[in-house]
Amino acid sequence: MLRSKTFVKRTRKGNVVKVVKEHYLRDDIPCSSPLCKKCTQNEPVLSAEPRSTATLKPHYLVVDTNVFMGQLDIMEHPAIKDVVVLQTVKEEVRHLNIIIYNRLVEILADKTKRFYMFANEHQKDTFIEKLKDETPNDRNDRAIRIATKWYSDHLKASNPSEDIQVILLSDDVANRDKARASGIKAMSVAEYVAGIKDVPELVDMLSAAQAQADDTVVYDEHLTPAQIQNGIKKGKLIQSPFNVTPYNTLEATVVGEVEGEIKTIYIVGRKNFNRAIHGDTVAVELLPKSEWKCGASIAIEDEDDDEKMYGEEESTDKKDDDDESSPNKKRKTNDKVGEPEPTGKVVGIIRKKWRPYCGFILKNSVPKGNDRGPVTCTFRAIDRRIPKIKIKTSQASSLIGSRIIVAIDSWPKTSKFPMGHFVKTLGASGDKETETEVILLEHNVPYQEFSKAVLSDLPEEGDQWVVREHHIKNENRRDFRDLNVCSIDPPGCTDIDDALHVRFLPNGNYEVGVHIADVTYFVKPGTHIDKEAASRGTSVYLVDKRIDMLPALLGTNLCSLRSNVERLAFSCVWELNENAEIVSVDFCKSIIKSKFSFTYDEAQSRIDDERMQDDVTKGIRLLNKFAKILRQRRLEAGALTLTSPELRFNLQNDSQDPVDVEMKELKETNSLVEEFMLLANISVAKKIYSRFPSAAMLRKHGAPPINNFDQLRKILLEKGFTLDISSSKALADSLDKAVIPEDPYFNTLVRILTTRCMMQAQYFCSGTEPESEFKHYGLASPIYTHFTSPIRRYADVVVHRLLHACIDPDAPMDSDLINTNAMKDLCDNLNFRNRMAQQAGRSSVELFTSMFFRNKVEIEEARVLRVLKNSISVLVPKYGLESIVYISEPFEYNEEHNSLVAGDIVLKTFDKVKVEMSVEGDAEGMRQKMNMKLIEPKV
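In this text, residue positions in the sequence shown follow the UniProt record's numbering: the first is 1, and each later residue adds one.
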């Protein structure tokens with residue numbers, strides 16, 4: 001049946017147009033129950049034997065929108081099955097929250113869950129028109145009740161012998177009352193899960209209710225969205241992501257414009273946090289200059305109880321300038337510690353970034369002797385930047401000693417802590433597999449096995465797939481199989497993205513080729529494997545495992561440029577002269593057969609061993625010569641040579657436990673590969689931008705805010721060095737001059753600290769930024785992209801498609817490839833995934849460090865990286881390990897010189913100290929962390 005609705009509307013130009021909307025109603029939409037004898041069922045989704053309880057007959061559930069919005073964790077639990085999801089509900093959820101909607105779509109796709117989407121808006125007996133003066137919400141509630149009633153009556157009429165109930169699950173009291181008045185069985189989620197006695201944890205998973213109002217207002221009221229937007233427009237408020245400092249959970253930073261400059265703004269104390277959680281996007285109001293921050297921050301460990309956490313807020317007016325948790329209230333008129341740093345307070349939360357958190361229940365928060373009934377206890381997230389969360393659970397005693405997941409439900413202004421609910425248990429604390437899963441979950445890394453749909457997109461031949469002649473004839477590929485192509489990678493590398501060749505040309509110049517795995521031959525736009533790769537964004541490298549972006553058949557086999565097998569590639573080929581100057585550049589699809597897969601050490605040995613004079617070795621030496629010229633040219637242009645401490649673990653084969661740990665050593669061959677990969681990325685960036693000026697995927701690295709360097713500049717000045725940050729070239733020259741001959745590690749420390757002043761590089765769509773913002777500050781390149789690692793980075797896959805479209809007018813073009821908005825959304829996801837992958841890798845290093853040093857005590861030399869009011873941050877060069885060392889009396893903090901002083905002993909940045917290293921748990925026995933104690937100098 002076809003229904004038409006006609007109305008007129010005015011366009012933006014003022015024209016009045018007639019609009020006709022057609023709505024099809026059908027009578028053949030199945031109920032999807034195998035018990036029904038009326039409907040024509042192809043593959044029924046619902047079960048013939050649905051769940052029953054002590055108080056309920058076998059039943060199907062029809063779920064209201066508010067249940068998905070507020071109790072989604074329960075809906076995702078394996079115990080909840082045989083659910084009818086109405087079209088009305090699905091569309092409401094999509095309108096309200098796209099993240100919850102995506103999770104709902106995943107549930108519907110999971111056949112084991114038996115969730116059936118019923119198109120009630122197109123079924124002639126369940127479709128309803130909106131009544132006069134009826135709100136859209138009331139109309140949808142009525143549609144849900146009518147569809148539930150229809151389901152109940154339909155099943156009874158189609159098979160009277162089967163006594164199946166249809167229950168409306170709703171947390172809307174009014175909707176439940178109206179449903180019951182119509183003869184519909186309706187229950188709240190709490191009522192329903194209380195009857196499922198065989199799955200007691202469902203009760204713990206109920207979302208927490210709002211806190212009861214009390215006489216004590218803990219936090220200020222947030223501004224309304226309209227007030228926030230108005231304040232941002234007028235420049236009175238600053239919008240920025242909220243980042244809690246790792247070493248001090250009572251200090252956070254945002255970035256915004258202050259007095260015409262982009263600066264870091266400090267938010268100090270929970271009162272000023274005003275219920276913001278790390279990762280939220282917040283509105284910040286600057287505090288008066290008299291309350292700006294002077295001197296160093298402090299490092300604090302986690303508070304053990306509520307009073308300790310909030311005592312600083314309830315009495316801030318009684319504390320002096322040295323208060324550890326509040327900015328300086330008054331500044332001395334002849335203050336010599338430099339310009340004060342701006343501080344602010346959160347006045348509103350623009351976008352919450354709440355997510356499920358991994359952690360544990362604090363043992364001392366569980367009442368003793370109470371093994372029955374739910375109790376309120378305190379959950380502590382592994383991420384110390386997240387505040388404690390109050391949850392109510394009947395499993396408190398049994399959950400002690402386990403890693404669990406908790407979700408936040410609300411944080412009213414009258415509650416000191418957010419309130420949440422238990423989601424699920426992960427495993428025992430300290431177990432390596434459990435702790436690794438925690439790392440992956442905490443950093444939102446998709447680590448599930450690839451689905452059947454994804455695997456179905458792989459070549460049918462599997463690992464028997466081989467390059468054939470038609471790949472040359474039909475795809476216009478160049479044949480490089482006769483050249484001395486080789487790859488140079490870390491030991492054990494199986495996902496080889498890149499290979500190189502060089503050969504002498506008759507005109508006296510040289511041909512140098514960078515060959516990159518042609519992933520896009522196997523990963524076509526819009527396929528399941530393409531969508532999965534776009535979602536994952538990047539491969540994630542942990543100490544003992546790799547979470548691949550692509551299935552292993554591609555990543556470590558068919559796309560990997562292994563030696564002595566023919567592979568498809570995308571090549572960037574230059575003609576260079578003796579001075580490594582580019583005469584010309586060409587891009588082409590190709591076929592290669594790598595002659596060798598070298599490790600960095602093996603390639604370096606060939607360069608150093610003068611007895612080796614074969615063509616491959618000579619080629620590597622020539623590439624190394626060109627790489628040095630290219631590197632010197634980059635440095636002269638202002639490219640920065642920065643550094644970060646990196647560890648390498650030697651793992652025991654059978655247990656994968658760490659048996660040794662050391663700093664990674666970089667060789668010339670590391671730089672050799674890096675220089676040509678950079679050159680390829682720059683060449684490709686220029687090419688795709690020239691062809692797609694508004695849709696090229698590029699990578700930028702912004703110039704850091706000037707005040708990021710304030711502390712480092714002051715410290716270096718005391719050492720006799722000036723840090724010029726007027727440009728990347730000036731900064732690079734300053735870093736080269738910061739050398740103390742008798743202290744060779746000093747320059748490395750300076751570069752490590754400089755790295756931490758930098759902004760993070762990001763992917764962006766060329767159509768969203770002016771060309772003046774394209775520059776990569778660290779590389780001193782006006783334009784840059786990623787082309788050289790498509791096996792492990794989805795950005796490179798996109799760039800390959802763009803480049804292919806540049807060189808082949810017949811190449812298929814995905815519409816999203818040249819859609820600026822679609823490209824921007826993709827870049828946002830890739831930036832997030834890249835950031836999370838980096839952090840997951842660091843967390844894995846921390847985990848294995850704890851495992852290596854467990855039951856060990858070592859004394860090693862360390863260098864001071866930062867001085868805080870009550871501690872020093874140190875780096876142990878031997879291991880590349882960094883930690884906070886707490887300093888107690890008689891040391892006192894000297895603001896003027898940013899040092900800790902005890903008599904004749906002075907601790908300053910760059911100083912050498914000796915520390916005792918060990919790993920210990922906290923008072924709860926739930927966390928393992930590196931602990932360092934100061935051994936020398938002795939007081």
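By construction, the Cβ of each residue, glycine as well, lies at the ideal position given by its N, Cα and C atoms. The model shown is predicted, which means the values in this text are computed figures rather than measured ones.
- The alpha-carbon separation between D383 and E846 amounts to approximately 13 Å.
- Take D138, set aside five residues on each side of it, and no residue of its chain has a beta-carbon closer than 6 Å to its own.
- Cβ-Cβ separation between K595 and V616: approximately 6 Å, consistent with a contact (criterion under 8 Å).
- Distances from the CA of S888 to each of R145, S560, F242 and K938 were compared; the closest alpha carbon is that of K938.
- When C-alpha distances from S47 are compared across T40, V84 and D64, the shortest belongs to V84.
- For S873, the uninterrupted beta strand (DSSP E) segment begins and ends at S871 to V876.
- Straight-line measurement puts the Cα of N230 at about 42 Å from the Cα of I884.
- Between K263 and P705, the CB-CB gap stays under 8 Å.
- Taking C-alpha positions only, G638 is separated from T253 by approximately 29 Å.
- Here the alpha carbon of V45 sits roughly 9 Å from the alpha carbon of K113.
- In its chain, beyond the 5 residues on either side, N747 have a beta carbon closer than 6 Å to the beta carbon of V739.
- Between I682 and N624, the alpha-carbon positions lie close to 19 Å from each other.
- In this structure, V502 keeps its C-beta atom at 8 Å or more from the C-beta atom of L554.
- Checking the DSSP bridge columns, you'll see A381 partnered with G359.
- DSSP, read as helix, strand or coil, puts F853 in helix.
- When rounded, the separation of the alpha-carbon atoms in A179 and E106 is 29 Å.
- The three-state secondary structure of H154, taken from DSSP, is helix.
- Here D498 is near L561, since their CB atoms are less than 8 Å apart.
- Buried is the label assigned to V268, since at least 16 other Cβ atoms lie within 10 Å of its Cβ.
- Taken through DSSP and simplified to helix, strand or coil, T55 comes out as coil.
- Between E771 and K700, the CB-CB gap reaches or exceeds 8 Å.
- Within the same chain, Cβ atoms closer than 6 Å to the Cβ of R713 are found at L723, the five residues on either side in sequence being excluded.
- Each residue's CA atom was taken as its position, placing P50 and P58 some 5 Å apart.
- About 5 Å separates the Cβ atoms of V89 and T65, confirming a contact at the 8 Å cut-off.
- Look at the beta carbons and you see the stretch 472-486 not touching the stretch 522-538: under three pairs across the two are nearer than 8 Å.
- The residue from S726, D125, E134 and D431 with its alpha-carbon nearest to that of S152 is D125.
- Comparing alpha-carbon positions, the option among C36, T135 and P418 lying closest to I386 turns out to be P418.
- Here the stretch 818-837 makes no contact with the stretch 405-423; the two share fewer than three CB pairs at distances below 8 Å.
- When DSSP states are grouped into helix, strand and coil, H470 belongs to the helix group.
- Judged by DSSP secondary structure, N898 falls outside any beta strand (DSSP E); it is assigned neither H nor E.
- One Cα belongs to N831, the other to H278, and the distance between them is close to 18 Å.
- Going by beta carbons, R866 and I872 fall inside the 8 Å limit.
- In this structure, the CA atom of T643 is about 31 Å from the CA atom of V585.
- Exclusion of the five residues before and after R833 leaves G537 and T538 as the residues of its chain whose Cβ lies within less than 6 Å of its Cβ.
- For V62, the closest C-alpha among the options D171, G256, P506 and R611 is that of D171.
- About 13 Å separates the beta carbon of N120 from that of D141, a gap too long to meet the 8 Å contact definition.
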